[in-house]
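Participant: To convert a position in the sequence shown, counted from 1, into the numbering used here, add 486.
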Amino acid sequence: MATGRVRNAWRAAHTPVAGVPRWARIAAYTVPFTVLPSSLWRLPAAFGDGLPLGERAYIVLLSILSELVAFTAVGLVATWGERFPRWIPGMGGRRVPTPVAVIPAGLGAVASTILWTACFITQLAGVTLRGEPTPANFPTQAGDWEAALFYLCYLPLLLWGPLLAAVTYACYRRRRNN
487 MATGRVRNAW RAAHTPVAGV PRWARIAAYT VPFTVLPSSL WRLPAAFGDG LPLGERAYIV
547 LLSILSELVA FTAVGLVATW GERFPRWIPG MGGRRVPTPV AVIPAGLGAV ASTILWTACF
607 ITQLAGVTLR GEPTPANFPT QAGDWEAALF YLCYLPLLLW GPLLAAVTYA CYRRRRNN
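1) Taking 7 Å as the cut-off, decide whether the C-beta atoms of Ala559 and Leu650 are in contact.
2) Determine contact between the region 494 to 514 and the region 615 to 624, defined as no fewer than three beta-carbon pairs at a distance below 8 Å.
3) If you reduce the DSSP assignment to three classes, tell me which class Leu491 lands in.
4) Would the beta-carbon of Leu562 fall within 7 Å of that of Ala514?
5) Whether or not the region 522 to 534 and the region 634 to 651 are in contact is what I'm after, with contact meaning three or more pairs of Cβ atoms, one per stretch, closer than 8 Å; do they touch?
6) I think Trp646 touches Val517, with their Cβ atoms under 8 Å apart; what is that distance to the nearest whole Å?
7) Go ahead and label Arg580 buried or exposed: buried means 16 or more other beta carbons lie within 10 angstroms of its beta carbon, across all protein chains shown.
8) Quick check on DSSP: helix, strand or coil for Ala513?
9) Could you tell me whether the Cβ atoms of Val613 and Thr654 are closer together than 7 Å?
10) Apart from the five residues just before and just after Glu568, which ones in its own chain have a Cβ nearer than 7 Å to its Cβ?
11) Please state the DSSP three-state secondary structure of Pro585.
12) Taking 7 Å as the threshold (C-beta atoms), are Thr626 and Ala633 in contact?
13) For Arg542, does the three-state DSSP call read helix, strand or coil?
14) Would you kindly work out how many angstroms separate the C-alpha atoms of Phe636 and Pro530, rounded to a whole number?
15) Whole alpha helix (DSSP H) runs in the region 570 to 646 with 4 or more residues, listed along the chain?
16) Check Ala564 in the structure and name its three-state DSSP category.
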């Protein structure tokens, strides 16, 4: 019984809307995987020694929230993203207007592109986003393999914004005449 529910939920989350180009589906499904390495990289820090409970919870919740936000890109190409959930009062079951889907997604694409590009440029320059020198305990300062692992896990975030922008554009083109 539980297996059937999981299978149905999986299908509902991944069933594409008619007219979605294959490249847009692939891009939308790729977005959560661009965030996953950094989310997983953070988790060991949450369970390390010396962190207060609040900071541990913050790290875990940040990783979960990052993945949930990234997964919303799939809603731009999947059937579940076409209609409001039934539990929303007054709007449940109605079609999501194109601007309600496209404007936040477009803003998210721009914001994540700017944020992650700025993070990497400042990191390579040896400063933080605030312009302060990179702290000595920052992962890129720790050593060769630690820095390589950090970059390996965080470099995919540079793709989040451009992939989301492409999926948003595909959604807009598909829905503009509907």
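C-beta atoms are modelled at their ideal positions from N, C-alpha and C, and glycine is treated no differently.
Please read these numbers as outputs of a predicted model, since none were measured by experiment.
Facilitator: Taking the geometry as given:
1) For the purposes of this step, residue 559 is identified with residue 73 of the sequence shown, where counting begins at 1. For the purposes of this step, residue 650 is identified with residue 164 of the sequence shown, where counting begins at 1. In contact: Ala559 and Leu650 (Cβ atoms closer than 7 Å).
2) no
3) Here residue 491 refers to the residue found at position 5 of the sequence shown. A small correction: the amino acid at residue 491 is Arg; Leu does not occupy that position in the sequence shown. Three-state DSSP puts Arg491 in a helix.
4) Here residue 562 refers to the residue found at position 76 when the sequence shown is read from its first residue. Here residue 514 refers to the residue found at position 28 when the sequence shown is read from its first residue. Result yes, Cβ atoms of Leu562 and Ala514 sit closer than 7 Å.
5) yes
6) Taking the sequence shown and counting its residues from 1, one reaches residue 646 at position 160. Taking the sequence shown and counting its residues from 1, one reaches residue 517 at position 31. Their Cβ separation, rounded to whole angstroms, is 6 Å, which keeps Trp646 and Val517 in contact under 8 Å.
7) Your numbering for residue 580 matches position 94 in the sequence shown. Exposed, since its Cβ has fewer than 16 Cβ neighbours within 10 Å.
8) On the sequence shown, residue 513 is found 27 positions in, with the first residue counted as 1. Note: Ala513 maps to helix in three-state DSSP.
9) Translated into the one-based positions of the sequence shown, residue 613 becomes position 127. Translated into the one-based positions of the sequence shown, residue 654 becomes position 168. No, these two residues do not count as a Cβ contact at 7 Å.
10) Locating residue 568 in the sequence shown gives position 82, where the first residue counts as 1. Val503, Arg581 and Val582, listed in sequence order.
11) Along the sequence shown, one-based indexing puts residue 585 at 99. In the structure shown, Pro585 sits in a helix (DSSP, three-state: H, G or I).
12) Position 147 of the sequence shown, counted from the first residue, corresponds to residue 633. Position 140 of the sequence shown, counted from the first residue, corresponds to residue 626. Yes; because the gap between Cβ atoms is below 7 Å, this pair is in contact.
13) By one-based count along the sequence shown, residue 542 stands at place 56. It is helical.
14) For this step, residue 636 is matched to residue 150 along the sequence shown. For this step, residue 530 is matched to residue 44 along the sequence shown. When rounded, the distance between both Cα atoms is 13 Å.
15) 584 to 610, 625 to 628 and 630 to 640
16) Within the sequence shown, residue 564 is the residue found at index 78, counting from 1. In this structure, Ala564 counts as strand in the three-state DSSP scheme.
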